[in-house]
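Chemist: According to our numbering, the sequence shown is numbered sequentially starting from 9. Following this message is one structure expressed as structure tokens.
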Amino acid sequence: MEKKLLKDDFFAHINAEWLKTAKIPDDRSSIGSFVELDINLEKLLKETITKWSKDQTQIPNNPQLLEMVKFYNLIINTEKRDELNWSPAKETFLEPLRNELKSMTFKDFFNWDRDKYLEYSYLPFDFSVDEDFVDNTRKIAWLGELPTILPSKETYQNEEEKNKLLNVWKEMVLDLLTDYGLEQEVANKMVNNAIEFDNLYKDYVKSSVENADYVSAYNLRKRGEVTLSKQFDFWTKLDELIGQKVTEVSIQNLKVFDAFDDIFNDKNLDNFKDLMFIFNLLGTTPYLNERIRAKASVFKNTVYSISKNRSLEDYAFDLTKKYFSMPLGMYYANTYFGEKAKKDVEQMVQSMIKVYEERLKNNKWLSKETIDKALVKLSKFEYMVGYPEIIQPYYSEFKVKTYDENGSIFSSVHSFGKIMAEYRLSLYHKEEDKRFWGMSPSTINAYYHPMKNHIVFPAAILAYPFYDVNRSKTANFGAIGAVIAHEISHGFDNNGAQFDENGKLNNWWTDNDRLEFQKRTAAAIKLYDGRETEFGKVNGKLTVSENIADLGGFDCALESAQREPDFKAEEFFESWATTWRSIYKEGTAKRLLDSDVHSPAKIRANVILANNELFEKTYDIQPGDKMYVPDENKVKIW
Numbered sequence: 009m010e011k012k013l014l015k016d017d018f019f020a021h022i023n024a025e026w027l028k029t030a031k032i033p034d035d036r037s038s039i040g041s042f043v044e045l046d047i048n049l050e051k052l053l054k055e056t057i058t059k060w061s062k063d064q065t066q067i068p069n070n071p072q073l074l075e076m077v078k079f080y081n082l083i084i085n086t087e088k089r090d091e092l093n094w095s096p097a098k099e100t101f102l103e104p105l106r107n108e109l110k111s112m113t114f115k116d117f118f119n120w121d122r123d124k125y126l127e128y129s130y131l132p133f134d135f136s137v138d139e140d141f142v143d144n145t146r147k148i149a150w151l152g153e154l155p156t157i158l159p160s161k162e163t164y165q166n167e168e169e170k171n172k173l174l175n176v177w178k179e180m181v182l183d184l185l186t187d188y189g190l191e192q193e194v195a196n197k198m199v200n201n202a203i204e205f206d207n208l209y210k211d212y213v214k215s216s217v218e219n220a221d222y223v224s225a226y227n228l229r230k231r232g233e234v235t236l237s238k239q240f241d242f243w244t245k246l247d248e249l250i251g252q253k254v255t256e257v258s259i260q261n262l263k264v265f266d267a268f269d270d271i272f273n274d275k276n277l278d279n280f281k282d283l284m285f286i287f288n289l290l291g292t293t294p295y296l297n298e299r300i301r302a303k304a305s306v307f308k309n310t311v312y313s314i315s316k317n318r319s320l321e322d323y324a325f326d327l328t329k330k331y332f333s334m335p336l337g338m339y340y341a342n343t344y345f346g347e348k349a350k351k352d353v354e355q356m357v358q359s360m361i362k363v364y365e366e367r368l369k370n371n372k373w374l375s376k377e378t379i380d381k382a383l384v385k386l387s388k389f390e391y392m393v394g395y396p397e398i399i400q401p402y403y404s405e406f407k408v409k410t411y412d413e414n415g416s417i418f419s420s421v422h423s424f425g426k427i428m429a430e431y432r433l434s435l436y437h438k439e440e441d442k443r444f445w446g447m448s449p450s451t452i453n454a455y456y457h458p459m460k461n462h463i464v465f466p467a468a469i470l471a472y473p474f475y476d477v478n479r480s481k482t483a484n485f486g487a488i489g490a491v492i493a494h495e496i497s498h499g500f501d502n503n504g505a506q507f508d509e510n511g512k513l514n515n516w517w518t519d520n521d522r523l524e525f526q527k528r529t530a531a532a533i534k535l536y537d538g539r540e541t542e543f544g545k546v547n548g549k550l551t552v553s554e555n556i557a558d559l560g561g562f563d564c565a566l567e568s569a570q571r572e573p574d575f576k577a578e579e580f581f582e583s584w585a586t587t588w589r590s591i592y593k594e595g596t597a598k599r600l601l602d603s604d605v606h607s608p609a610k611i612r613a614n615v616i617l618a619n620n621e622l623f624e625k626t627y628d629i630q631p632g633d634k635m636y637v638p639d640e641n642k643v644k645i646w
């Protein structure tokens, strides 16, 4: 039976004992290698912050950590939070908005001053300053789509589930609006209007598959080429918001802006204003008291099948980490991350880049012209391990007022948001320092940045089961090695391959090679598409970029491991399968199938193994075994 399970479901075979005992905590949506490591790290950092909270003389000589502890102390003071109730958000934020909305037309939104655009959310258009895909030496203006009530466009397509979730949202919002102080009749009308506008807007937002193709979000329009709206002068408004003349804008979703005047008009005005107020009110609920936080958690908990809210202690940590992620992450890395681990992982990165280089040189389906350009891109890869040299400057501007200074959680968060927004807008037509990371050192993850052509491995992921300085190199290559090579492979997936060695959107492929790559990408889609899980089928198109990175990364890590004198195939495959052990609550699993660009963990583990000849040989996988993939269906890209 055990041997049969190995041949049918290697993931279940290797993780059998873990799967028997694994239990998802009531306040979490999943459990697995990533989450278990996160729980251990959270315990360590919570103990540290609690110690500092009780005795501030223990805080290292770092002003950012001092402000962090002051913020944490605001959160754990439930007595003061209960006394303030809604007032921190109501008096200076929500009531001024509600009163102004009563008489506003759509044109009035465009006459709002700059501060209000930085202060409020869910405006008629979402604006930001972000990367210029073609010229990464500067940032440009972007116009994006607004959020919907449900988590993705796909969630609206199941009528039964859509109605169930919208009803939960409606009841929750009604409860909050009346708790806030509105009459039941007024609250009812607002919620119905809000749902009506959302029902209109949802048809224009991008699907998860469309969002997964992030290059398609880059739609540059120069000033004078488009008006965007017959009602409003977008360009002048953008000039005011950014503080200088805007010469171009990238439109993330052309469908929304092609229909802008059909969506945002007097017919839909009241519905829009009610949804805008509700979204802004919901945005304040995490920063008031525990009673309000609990009321406002009902919808999210239903969506993701979470049965219990985070405890005060855990929530205080979550919120503190959210806003002080980099200062806290730097403390963690400087205190707990060893130089031996850093050097060891850097050597693994170098090894796998070398293997990638050789694999490219020996590639049989690309022309020499494209191979040479791919090698140039690979040679320009930068890798960063552990922690960044510097962090974003806005952290030094975060100042927290205590309750005695008339401060609050909400006023602090409000201030942080404006500081970060001003910083991002100040980058218009400038290049941001490439040494900044987009992920804290205390984050259990890794990433590739196509516009910077670099890969980042935070200190927190460099721990068991991903990495252990005391275990064999084979096991480490099967875990963190595959993660590293996965990120390298993102430079050559269906999205990353469109950027050159300098991180610029630029076609460096010959036409024939591009067509062959598209054929192989289609084969990768077919390899995964429709695979059954407990809660639904895998969407091969949605997950193709991550699957390509898994396919290339696994083969690269395996080849690197095989060059080590103590290589053992079984140990490598078992390490890989152990890394992906995870289980999910039903709502979370369904949401991930709808919108996550990663395949479910079990699918990630098994399909990659089934696609590999050495795995097939090592375990004598034969036709009829569920882990068997015929040679003609195996996918090799990198």
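Beta carbons are placed, not taken as given, at the ideal position from N, Cα and C, and that holds for glycine. Just so it is clear, the structure is predicted and the values come from calculations on it, not from any experiment.
In whole angstroms, give me the CA-to-CA distance for residue 466 and residue 194.
Modeler: Their backbone Cα atoms lie some 49 Å apart in a straight line.
Chemist: Find the nearest neighbour of residue 621 within the set 156, 563 and 479, judged by alpha-carbon distance.
Modeler: Here the closest residue by C-alpha is 563.
Chemist: Roughly how far, in whole angstroms, is the beta-carbon of residue 513 from the beta-carbon of residue 147, given that I think they are within contact range, below 8 Å?
Modeler: Between residue 147 and residue 513 the Cβ distance is about 14 Å, and since that is not below 8 Å, they are no contact.
Chemist: Are the CB atoms of residue 278 and residue 238 within a distance shorter than 8 Å?
Modeler: Cβ atoms of residue 238 and residue 278: not closer than 8 Å.
Chemist: If we count the other Cβ atoms within 10 Å of its Cβ and call it buried at 16 or more, is residue 397 buried or exposed?
Modeler: The residue is exposed, with fewer than 16 neighbouring Cβ atoms inside 10 Å.
Chemist: So what does residue 136 bridge to, in DSSP terms?
Modeler: DSSP lists 150 as partners of residue 136.
Chemist: To the nearest angstrom, how far is it from the Cα of residue 19 to the Cα of residue 537?
Modeler: Roughly 19 Å separates the two Cα atoms.
Chemist: Per the DSSP calculation, residue 231 is bridged to which residue(s)?
Modeler: Residue 231 pairs with 234.
Chemist: Have a look at residue 645 and residue 428 and give me their C-alpha separation to the nearest angstrom.
Modeler: C-alpha separation (whole angstroms): 40 Å.
Chemist: Should residue 9 go down as buried or exposed, given a rule of 16 or more other Cβ atoms within 10 Å for buried?
Modeler: Low per-residue confidence applies at residue 9: pLDDT is 46, beneath 50, and the placement is therefore not dependable enough to give any value.
Chemist: Which stretch, first to last residue, makes up the beta strand (DSSP E) that contains residue 257?
Modeler: Residues 256–259.
Chemist: What separation, rounded to the nearest whole angstrom, lies between the Cα atoms of residue 463 and residue 635?
Modeler: Distance between the alpha carbons of residue 463 and residue 635 is about 32 Å.
Chemist: For residue 574, which residues from the same chain have a beta carbon less than 7 Å from its beta carbon, with the 5 sequence-adjacent residues on both sides left out?
Modeler: Same-chain partners within the cutoff: 480, 481 and 482.
Chemist: Which residues in the same chain as residue 118 place their Cβ atom closer than 6 Å to its Cβ, once the five residues preceding and following it in sequence are excluded?
Modeler: Excluding sequence neighbours, residue 118 sits near 240 and 245.
Chemist: Taking the DSSP output, what are the residues bridged to residue 466?
Modeler: Residue 466 pairs with 394.
Chemist: Between the Cα of residue 56 and those of 447, 90, 340 and 249, spot the shortest distance and give me the residue it belongs to.
Modeler: For the residues 447, 90, 340 and 249, the minimum Cα distance to residue 56 belongs to 340.
Chemist: How should residue 488 be labelled, buried or exposed, when 16 other C-beta atoms within 10 angstroms of its C-beta is the threshold for buried?
Modeler: When all chains shown are included, residue 488 counts as buried.
Chemist: In whole angstroms, what separates the C-alpha of residue 253 from that of residue 149?
Modeler: In a straight line, the C-alpha of residue 253 is about 11 Å away from that of residue 149.
Chemist: Can you tell which of 528, 54 and 257 has the C-alpha that lies nearest to the C-alpha of residue 232?
Modeler: That would be 257, whose Cα lies nearest to the Cα of residue 232.
Chemist: Please report the residue range of the alpha helix (DSSP H) in which residue 497 lies.
Modeler: Residues 490–498.
Chemist: At the level of alpha carbons, what is the spacing between residue 535 and residue 163?
Modeler: Residue 535 and residue 163: Cα-Cα distance of roughly 25 Å.
Chemist: Residue 305 lies in the alpha helix (DSSP H); which residues open and close that run?
Modeler: Here residue 305 belongs to no alpha helix (DSSP H), and DSSP marks it neither H nor E.
Chemist: List in chain order: all unbroken alpha helix (DSSP H) runs of 4+ residues lying wholly within the stretch 561–620.
Modeler: With a minimum length of 4 residues, the continuous alpha helix (DSSP H) runs that stay inside the stretch 561–620 are 577–587, 594–603 and 609–618.
Chemist: My output table needs one value for residue 215: the three-state DSSP class, helix, strand or coil.
Modeler: Residue state, collapsed to three classes: coil.
Chemist: Could you tell me if residue 599 is buried or exposed, where buried requires 16 or more neighbouring beta carbons within 10 angstroms of its beta carbon?
Modeler: Answer is buried; the Cβ neighbour count reaches 16.
Chemist: To the nearest angstrom, how far is the alpha carbon of residue 375 from that of residue 518?
Modeler: Approximately 8 Å, taken between the alpha carbons.
Chemist: Looking at the unbroken beta strand (DSSP E) that takes in residue 40, where does it start and where does it end?
Modeler: Residues 38–40.
Chemist: Going by DSSP, what residues sit across from residue 550 in a beta bridge?
Modeler: Looking at the DSSP assignment, residue 550 forms no beta bridge with any residue, so it has no partner.
Chemist: Hey, quick one: how far does the alpha helix (DSSP H) through residue 437 stretch, first residue to last?
Modeler: Per DSSP, residue 437 belongs to no alpha helix (DSSP H) and is neither H nor E.
Chemist: Are there 16 or more other CB atoms within 10 angstroms of the CB of residue 47, so buried, or fewer, so exposed?
Modeler: Under this definition residue 47 is an exposed residue.
Chemist: Can you list, in chain order, the residues of its chain whose CB lies under 6 Å from that of residue 226, leaving out five sequence neighbours each side?
Modeler: So the qualifying residues of the chain are 141 and 258.
Chemist: Which of the three DSSP states, helix, strand or coil, is assigned to residue 472?
Modeler: Coil.
Chemist: Can at least three beta-carbon pairs, one atom from the stretch 605–615 and one from the stretch 580–592, be found at a separation below 8 Å?
Modeler: Taking 8 Å as the limit for Cβ pairs, the verdict is that the stretch 580–592 does touch the stretch 605–615.
Chemist: From residue 667 to residue 641, what distance separates their C-alpha atoms?
Modeler: What is shown of the chain runs 9 to 646, which leaves residue 667 out entirely.
Chemist: If we count the other Cβ atoms within 10 Å of its Cβ and call it buried at 16 or more, is residue 172 buried or exposed?
Modeler: Label assigned to residue 172: exposed.
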